[in-house]
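Peer 1:
2 protein chains.
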Amino acid sequence: MATVTNGRHLFNEIPEGFPTPGKTTIYDESQTISLEDVPLNGGFLIKVLALSIDPYMRHKMRATNTKSFTPAFELGKPLYNHGVGVVLRSELDGIKAGDHVYGLLSFEQYILQPNADGIEIIKNDENISWSSYVGAAGMPGQTAFVAWKEFSKAKKGETVFVSTAAGAVGSVVVQIAKSQGLKVIASAGSEEKIKFLKEIGADVAFNYKTTDTAEVLAKEGPIDIYWDNVGGKTLEDVIDAANDYIRIIACGAISSYNTTDNYGIKNWGLFFVKRVSINGFVVFDLLPKYREEFFNTIPKMIAQGEIKFLEDRKVGLDKVGEAIYEVQSGTNHGKSVIIVADS
Amino acid sequence: MATVTNGRHLFNEIPEGFPTPGKTTIYDESQTISLEDVPLNGGFLIKVLALSIDPYMRHKMRATNTKSFTPAFELGKPLYNHGVGVVLRSELDGIKAGDHVYGLLSFEQYILQPNADGIEIIKNDENISWSSYVGAAGMPGQTAFVAWKEFSKAKKGETVFVSTAAGAVGSVVVQIAKSQGLKVIASAGSEEKIKFLKEIGADVAFNYKTTDTAEVLAKEGPIDIYWDNVGGKTLEDVIDAANDYIRIIACGAISSYNTTDNYGIKNWGLFFVKRVSINGFVVFDLLPKYREEFFNTIPKMIAQGEIKFLEDRKVGLDKVGEAIYEVQSGTNHGKSVIIVADS
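Those sequence lines, one after another, are chains A and B.
Counting from 1, one number per residue, gives the positions in the first sequence under the UniProt record's numbering.
Counting from 1, one number per residue, gives the positions in the second sequence under the UniProt record's numbering.
(1) Look up B/Y208 in the DSSP assignment and say whether it is helix, strand or coil.
(2) Using the Cα positions of B/I33 and B/G135, report the straight-line distance between them to the nearest angstrom.
(3) Taking just the CA atoms, how far does B/N6 sit from A/A253?
(4) Just list the residues that DSSP pairs A/Q113 with in beta bridges.
(5) Let me see if you follow: with CB-CB separation under 8 Å, is A/K274 close to chain B or not?
(6) Identify every run of the beta strand (DSSP E) within the stretch 265-292 of chain B, keeping only runs that are complete inside it and at least 3 residues long; order them along the chain.
(7) Is B/F287 close to chain A, meaning its C-beta is less than 8 Å from at least one C-beta of that chain?
(8) Spell out a yes or no on whether the stretch 260-270 of chain A and the stretch 285-303 of chain A are touching, meaning 3 or more CB-CB pairs, one atom from each, closer than 8 Å.
(9) Tell me whether A/A188 sits in a helix, a strand or coil according to DSSP, three-state version.
(10) Are any of the Cβ atoms in chain A nearer than 8 Å to that of B/K266?
(11) Indicate the three-state DSSP secondary structure (helix, strand or coil) for B/H82 in the structure shown.
(12) Is B/S187 close to chain A? Criterion is C-beta to C-beta, closer than 8 Å.
(13) Using a C-beta to C-beta distance shorter than 7 Å, which residues of chain A count as neighbours of B/A97?
(14) Count Cβ pairs between the stretch 41-50 of chain A and the stretch 112-127 of chain A that sit closer than 8 Å; are there 3 or more?
(15) Check this for me: beta carbons of A/V204 and A/I176, under 8 Å apart or not?
(16) Please classify B/H333: does DSSP put it in a helix, a strand, or coil?
(17) Decide if the stretch 273-285 of chain A is in contact with the stretch 301-312 of chain A; the criterion is three or more beta carbon pairs, one per stretch, under 8 Å apart.
(18) For A/N127, is the classification buried or exposed, using 16 other Cβ atoms within 10 angstroms of its Cβ as the cut-off for buried?
(19) Can you list, in chain order, the residues of the stretch 65-78 of chain B whose Cβ is nearer than 7 Å to any Cβ on chain A?
(20) In three-state terms, what does DSSP make of B/G305?
(21) Here's the rule I'm using: 16 or more other beta-carbon atoms within 10 Å means buried, otherwise exposed. How should A/P55 be labelled?
(22) Determine the DSSP secondary structure at A/N258, reduced to helix, strand or coil.
(23) B/K335 to B/N81, Cα distance in whole Å?
(24) Along chain B, which residues have their Cβ under 9 Å away from the Cβ of A/F161?
(25) Which of the three DSSP states, helix, strand or coil, is assigned to B/N65?
(26) Which residue or residues does DSSP assign as beta-bridge partners of B/K314?
(27) Measure from the C-beta of B/G138 to each C-beta in chain A and report whether the shortest distance is under 8 Å.
(28) Which runs of the beta strand (DSSP E) at least 3 residues long sit entirely within the stretch 90-146 of chain A? Give them in chain order.
(29) Counting contacts by CB-CB distance shorter than 8 Å, is B/I176 in contact with chain A?
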């Protein structure tokens, strides 16, 4: 009964401010597993290939007794998030060795999965990379797709502003908007990201750290649609530069995740003056409505090069803490993915 | 050719902060008119009966070169707003002496109206008071009716919070919500208003000047629908006390009209967490869609006592400045109406 190490990445401490690698989360190699012999008890054994690191994970690093749209991580247990794996052995009908699966996966090298709840088999007829399924073809891409469908009311010729536009969600929004004939203004936090935004078709791309958002919007607006991943001063600037009937899609609020001293927005008096609409959403609410259309559309667009994306790949479960920090601080370059195994 | 004085109330000066009676606006008796002989030039002559004083008028007291949903008042010219009058003479087809008319009327005792643009004849089959047509049966009532229809998605048993609930708009919202089986929390700024709110069926009515809004909402919420007439700290308190999927209807922002130092809202990070929706609107956008239903519904409810309202009646066009100040400072008691003539 040969055993191998089953490395895991655990939630260790609720952070104040930014999460600290090796403190907020820790890599653990204390467990072993026998891949051939471990009892499946009617379930199946997954070898993890790729795991997603997303901004919203910070929201899960809180006390378990505070209710929200997503449960808190449990201290001492592995983190979990969307990932892709390959099935090594199975006792479950409908799942067999060799299948590739997608779902919320525990941050371990090998997972004993008791049932298929929340797990789906990926056929990948388009033959795109497995890691695409935690990016543009997975939850972040779905986030962009479903809310754009539901809330944007986009019309050709309108102007959309996308914040954190080089990220996993934003970059899909940019490319969907371009494919529908909108003028796209995109912001990100480094020159490398700005270069990428221009490559994927943004009409205006600017570095919000070196260029004043309000000035860009005043010049290039007014704004008909705003994809908000940040909140705060940027949101206030957009409301000032809004066209009447602006649709603001509130997808995230990265500028609030790692601070307790949020910026106060003062121009709410314009909500009725400009007939502002704001819709906050969580992808899981809308996914059932658009899931089929998403999988019929986006993987094909990726295969055909119509949707491009950057990946920030880190190899090894021990790199999770570092990746989380970079996503929170915006120092990642593209969709953050942990490559746990190649195949 | 007997002439009579044609008193007018003029816009005199753009205010900073609250409008000042006799300074921001002034009453003028320099003009006379001959009711029998004045040439109509194909139009008609209106004797004004009642004029509405509304919070949004403050928004019109600005420089004419700042664009918004409603034009600015012109300095030196009469104010105008919704009103009811009776036709004295007419040369226009479809309008005859004795007709009662409703529309945006100039703040004069007598108006030479060149055409019927924006003027409608009121039949008043329900025989409600003429001044109702500048209140619950007019623009303020329409404001409540159309946005509730469009945005509330109200379900029986849900909880709505209405700010400035004793006002012309808020009191109609309270009564529509009660008629649909919602729990209504209502706030206003005096004990007399609270008494009225209880009379019209509010389940919880509180004086926001003496009771902490956040505490009331924490106890009586969570809030499913918020009718926002104020903005600012109250809006922030509501977002904190919001149920998931709250619908916020942004109707006005009285707490911002007379200050340049607005309160900064810091909890925009909850927009996506709680799937907040906010819709700002202006009644004129939605009225065409709901006008017929409104006039088939509300005047009847008023006649049958199902919609009650308070009126703060001041007699005489010279009282306009005072009425405007009171509406801005919240010291009016009920819908503010200027009675220019009894019949």
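Quick reminder that beta carbons are idealized off the backbone N, C-alpha and C, glycines included.
Peer 2: If we stick to the structure as given:
(1) Under the three-state reduction of DSSP, B/Y208 is assigned to coil, being neither helix nor strand.
(2) Cα-Cα distance, rounded: 29 Å.
(3) If you take the alpha carbons of A/A253 and B/N6, they lie about 58 Å apart.
(4) Under the DSSP definition of a beta bridge, A/Q113 partners with A/F44.
(5) Interface flag for A/K274 against chain B is set, since a Cβ pair is found closer than 8 Å.
(6) 277-280, all fully within the stretch 265-292 of chain B.
(7) Note that residue 287 of chain B corresponds to Leu in the displayed sequence, not to Phe. Answer no: the Cβ-Cβ gap between B/L287 and chain A never drops below 8 Å.
(8) Under the Cβ criterion (8 Å, minimum of three pairs), the stretch 260-270 of chain A does not count as touching the stretch 285-303 of chain A.
(9) In the three-state DSSP reduction, A/A188 falls in the strand class (E or B).
(10) At a cut-off of 8 Å between beta-carbon atoms, B/K266 makes contact with chain A.
(11) Reduced to three states, the DSSP call for B/H82 is strand.
(12) The C-beta of B/S187 comes no closer than 8 Å to any C-beta of chain A.
(13) The premise fails here: B/A97 is roughly 39 Å from chain A at the closest Cβ pair, so nothing lies under 7 Å.
(14) Look at the beta carbons and you see the stretch 41-50 of chain A touching the stretch 112-127 of chain A: at least three pairs across the two are nearer than 8 Å.
(15) Taking C-beta atoms as the reference points, A/V204 and A/I176 fail to come closer than 8 Å.
(16) Coil, per DSSP.
(17) Fewer than three Cβ pairs drawn from the stretch 273-285 of chain A and the stretch 301-312 of chain A lie within less than 8 Å of each other, which leaves the two stretches out of contact.
(18) A/N127 comes out exposed.
(19) Answer in chain order: S68, F69.
(20) Judged by DSSP in its simplified three-state form, B/G305 adopts coil rather than helix or strand.
(21) By the Cβ-count criterion, A/P55 is buried, with 16 or more other Cβ atoms from all chains shown falling within 10 Å of its own Cβ.
(22) Three-state result, A/N258: coil.
(23) A straight line joining the alpha-carbon of B/K335 with that of B/N81 spans about 14 Å.
(24) The contact set of A/F161 on chain B, defined by CB atoms closer than 9 Å, is empty, because the minimum CB distance reaches about 16 Å.
(25) DSSP places B/N65 in coil when its eight states are reduced to three.
(26) DSSP output for B/K314 lists B/I338 as bridge partner(s).
(27) For B/G138, the answer is no, since every Cβ of chain A falls outside 8 Å of its Cβ.
(28) If we require 3 residues or more, the beta strand (DSSP E) runs fully inside the stretch 90-146 of chain A come out as 100-106, 110-113.
(29) Interface with chain A (8 Å Cβ-Cβ cutoff): B/I176 is excluded.
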